[in-house]
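In what follows, a structure is listed as C-alpha cells, so that the remarks can point back to it.
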Amino acid sequence: MEWPPSKAFLIAFMPLLLLLATIPKLYTIYERRQIRKEPAFAAGTISRFETGQTRYRKRVYRVEVRYLINGKSFTEKCRAFHSLTEWQLHSLLEKQLPVIYEKDDPSNGVVLSTEEQFGHFGFTFPDSLIWTRQYFY
C-alpha cells in the first residue's frame, strides 16, 4: 500500500511536530528547576484580573500579582475559577499571595496560590491561605 504524498509528508514530520509542541513545557520545567536551586520569597499583591478562554472555549480568569524586589516591580499570573462573579473577583484586588522566585532572576517567579503549587516546590500549604481554595486552581 502506498501513502498519498500529503500523508507521507505528515508522517515523516510527525516527530518534529511533537518535539515543537513539547518545547514550551520543557522550558517551564527548566524555569521551575532554576527557582528550586536558589529560591527566594516575596509577598505579591493582586493588582488586576483579565478574562480569557481556554482551548475548549471555557471562560477563565487570570489574576495578575505584582511583587517588588529591590524596588523593581515584577508581575506573575495565576488562574482563578471561571465561575467567580464580578463581585468575588473585585474582592480579590489588593489581597496578598506568596510568590517564589529565582534569587538571581526575580522575573522567574511563581504565585503560590494552591496546595499543588506549594507541593511542586516541596512546601506544605499554610493554614493562612485556606481562603484561596475557593478562588484558585
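With positions in the sequence shown counted from 1, the corresponding number in my numbering is that position plus 856.
Each residue gets a CB set at the ideal place from its N, CA and C atoms; glycine is no exception.
Asked	Found
Contacts around Glu-894, its chain only, beta-carbon distance under 7 Å, and the 5 residues preceding and following it disregarded	Glu-958, Lys-959, Asp-960
Range covered by the beta strand (DSSP E) that runs through Gln-1060	Coverage of the chain is limited to positions 857 through 993, which leaves residue 1060 absent and any answer about it impossible.
Pick from Leu-968, Leu-882, Leu-945 that is closest to Thr-980, judged by C-alpha positions	Leu-968
Beta-carbon contacts of Pro-962 that lie in its chain and below 6 Å, excluding the five residues immediately before and after	Ile-925, Phe-930
Length at least 3, wholly inside the region 881-965: the beta strand (DSSP E) runs in chain order	895-909, 915-925, 928-936, 952-958
Neighbourhood of Lys-991 by C-beta distance below 6 Å, restricted to the same chain and skipping five residues each side	Reading the sequence as shown, one finds Tyr at residue 991 and not Lys. Ala-936, listed in sequence order.
Backbone CA spacing between Leu-875 and Gln-944 [nearest angstrom]	40 Å
Among Gly-927, Tyr-923, Tyr-917, Leu-866, the one whose alpha carbon lies nearest that of Gly-965	Tyr-923
CB of Glu-920 within 7 Å of CB of Arg-904, strictly	yes
Alpha-carbon to alpha-carbon, Phe-974 and Gly-900	15 Å
Rounded straight-line distance, which links the Cα of Ile-986 to that of Val-955	16 Å
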